[in-house]
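Notes follow once the structure below has been shown.
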Amino acid sequence: EHLLSYSTVHFSNKMSSIGTKDKVFLQCFWDLASNDAAKRVSASVHIVEFVAKNLDAERDYTLKRLVKGLGSSRDSARQGFATCLCEFLQLPGVEVAHILDVLDSTTQVTGSLKGAEERDFPFSKL
17 EHLLSYSTVH FSNKMSSIGT KDKVFLQCFW DLASNDAAKR VSASVHIVEF VAKNLDAERD
77 YTLKRLVKGL GSSRDSARQG FATCLCEFLQ LPGVEVAHIL DVLDSTTQVT GSLKGAEERD
137 FPFSKL
């Protein structure tokens with residue numbers, strides 16, 4: 017009970033420190049998997065615009081999320097994450113060598129992965 021209480025308080029404190037704009041930014045990653053194409057495009061535009069303004073702070077986090085999303089089997093995630101990644105790659109300051117490093121490190125198959133995650137990883141590398 018104490019651990020659960022700590023986790024809830026810790027999570028609540030962490031979430032309250034995230035600004036409104038950041039919450040919208042994080043929600044966009046979920047929206048990339050929407051079956052609604054307009055919602056996916058809107059999320060992609062918002063992510064790319066947000067990262068363009070905050071490139072140094074958000075580049076690596078965003079790249080990892082996009083690469084992981086490529087392998088997701090949830091709804092239309094592959095289409096949404098691939099679209100956003102294509103736009104993300106157009107940003108100035110995003111280097112191909114860095115992207116390949118992140119792709120390799122993010123899609124390493126480890127023993128801690130669930131079977132479905134392990135099966136989905138090859139899609140990320142395509």
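Under the working numbering, the residues of the sequence shown are numbered 17 to 142, in order.
All residues carry an ideal CB built from backbone N, CA and C; glycine is no exception.
Nothing here was measured: the structure is a model prediction, and the numbers come from that model.
Check	Outcome
Sufficient close CB pairs (3 or more, under 8 Å) joining the region 92-103 to the region 55-64	yes
Beta-carbon spacing of A53, S88 below 8 Å	no
Within 8 Å, strictly: CB atoms of L119 and V67	no
Reference W46; option with closest CA among E74, S92, Y77 and L79	S92
Burial state of R94 (16 or more Cβ within 10 Å)	buried
T123, DSSP secondary structure in three states	coil
Delimiting residues of the alpha helix (DSSP H) encompassing V83	L71 to L86
Alpha-carbon spacing of R56 relative to L116, whole angstroms	24 Å
Cβ neighbour criterion (16 or more within 10 Å) applied to G1	With the chain covering 17 to 142 only, the question about residue 1 has no answer from this structure.
Sub-8 Å separation of L107 and L71 beta-carbons	yes
Same chain, Cβ closer than 7 Å to T122, neighbours up to 5 away in sequence not counted	K80, V83 and K84
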